[in-house]
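Student: This is the structure, below, for whatever I ask next.
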């Protein structure tokens, strides 16, 4: 499905504007007309998606918030799944296209978001051209895979939204801005490649090819892995400690009942 909605934070309009032209039901109506949704899908109303959509009007004529399929904002959606030697089990990129589709630069590594916030507050110029890596924020490392909204806001606030990329084994909220890749698996706490990256390592993110790589050979990664020791868990007892022992990787849904 192409990127059709011209909505903030990356676009021009807000959700109230969408509501005025018919809201989500009108969007569903349009996508059904274009053959992009399965109208036979059963819903909680006891009726199919197509049956539900019949009672709602289509998008208002002449509206500019939801673009036509033949003139999308971008030919693909803004959520992209990337793989590579930095994310063998996958990662999630939230790229609207305004940030660009390619970024390459030296790594600037932080153990957790707090140290990154301190660093950018003290010397934002040091972030220009860098691939910022925030690790130790995955399901086990967080614990709980916290969202990295504050770091992305700090980058945008420093005027670096197009000047650096941000990678993390944590997650992002819907309000995140910039060239961001999260949910990197395996996470650092489990010995994933993101935990082996060092300052200055060249990292390349190619959204078109859906690749995220660090410029290291497998032999170099294996050598670092042999020297690597897992960081201590942030929770040593109680419910969070039990959670870290049970939770599955983000690539398998972060569930605890497998």
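Numbering (UniProt numbering), first residue to last: 1 to 258. We put the beta carbon where it would ideally sit given N, CA and C, even for glycine.
What do you get for residue 246, buried or exposed, if any count of 16 or more other CB atoms within 10 angstroms of its CB means buried?
Tutor: Residue 246 is exposed by the Cβ-count criterion.
Student: Identify every residue that forms a DSSP beta bridge with residue 105.
Tutor: Its beta-bridge partners are 203.
Student: Which residues in the same chain as residue 87 place their Cβ atom closer than 7 angstroms to its Cβ, once the five residues preceding and following it in sequence are excluded?
Tutor: Correct list, in chain order: 184, 185 and 212.
Student: Distance, Cα to Cα, residue 249 vs residue 26?
Tutor: When rounded, the distance between both Cα atoms is 36 angstroms.
Student: Secondary structure at residue 182, three-state DSSP: helix, strand or coil?
Tutor: Strand at residue 182.
Student: Note down, in chain order, each residue of its chain lying with its Cβ closer than 8 angstroms to the Cβ of residue 152, except the 5 sequence neighbours on either side.
Tutor: 166, 172, 176, 177, 178 and 180, listed in sequence order.
Student: Quick check: what's the CA-CA separation for residue 38 versus residue 48?
Tutor: Going from the Cα of residue 38 to the Cα of residue 48 covers about 9 angstroms.
Student: Cβ of residue 13 within 9 angstroms of Cβ of residue 65?
Tutor: For residue 13 and residue 65, yes; Cβs fall inside 9 angstroms.
Student: Are the beta-carbon atoms of residue 170 and residue 147 separated by less than 9 angstroms?
Tutor: A contact, by the Cβ cut-off of 9 angstroms.
Student: Buried or exposed for residue 164, going by 16 or more other Cβ atoms inside 10 Å?
Tutor: Label assigned to residue 164: buried.
Student: With DSSP collapsed to three states, give me the class of residue 131.
Tutor: The answer is strand: DSSP assigns residue 131 an E or B state.
Student: Taking residue 139 as the reference, which of 15, 229 and 256 has the closest Cα?
Tutor: Residue 256 is the option with its Cα nearest to residue 139.
Student: Within 10 Å of its beta-carbon, does residue 133 have 16 or more other beta-carbons around it, so buried, or fewer, so exposed?
Tutor: Per the 10 Å Cβ criterion, buried.
Student: Using CA atoms only, rank isn't needed, just tell me which of 158, 143 and 61 is closest to residue 239.
Tutor: The candidate whose alpha carbon is nearest that of residue 239 is 143.
Student: Just to confirm before moving on: does the CB-CB distance between residue 136 and residue 80 stay below 9 angstroms?
Tutor: Against a cut-off of 9 angstroms, the Cβ pair of residue 80 and residue 136 comes out as no contact.
Student: In terms of residue numbering, what span does the beta strand (DSSP E) encompassing residue 168 cover?
Tutor: Its beta strand (DSSP E) spans residues 165-168.
Student: Across which residues does DSSP place residue 79 in a beta bridge pair?
Tutor: Paired residue(s): 94.
Student: Between the beta-carbon of residue 118 and the beta-carbon of residue 2, is there less than 9 angstroms?
Tutor: No, Cβ-Cβ distance for residue 118 and residue 2 is not below 9 angstroms.
Student: Over what stretch of residues does the beta strand (DSSP E) that includes residue 337 continue unbroken?
Tutor: In the structure displayed, the chain extends from 1 to 258; residue 337 sits before or after that span and is not available.
Student: Using 9 angstroms as the threshold, is the C-beta distance between residue 22 and residue 60 below it?
Tutor: In this structure, residue 60 lies closer than 9 angstroms to residue 22 by Cβ.
Student: Using only alpha-carbon positions, find the residue among 121, 141 and 131 that is nearest to residue 150.
Tutor: The shortest C-alpha separation from residue 150 is found at 121.
Student: Is residue 261 near residue 101, with beta carbons less than 9 angstroms apart?
Tutor: Outside the displayed range of the chain (1 to 258) lies residue 261, so it cannot be described from this structure.
Student: Using CA atoms only, rank isn't needed, just tell me which of 200, 182, 114 and 161 is closest to residue 168.
Tutor: The option with the nearest alpha carbon to residue 168 is 182.
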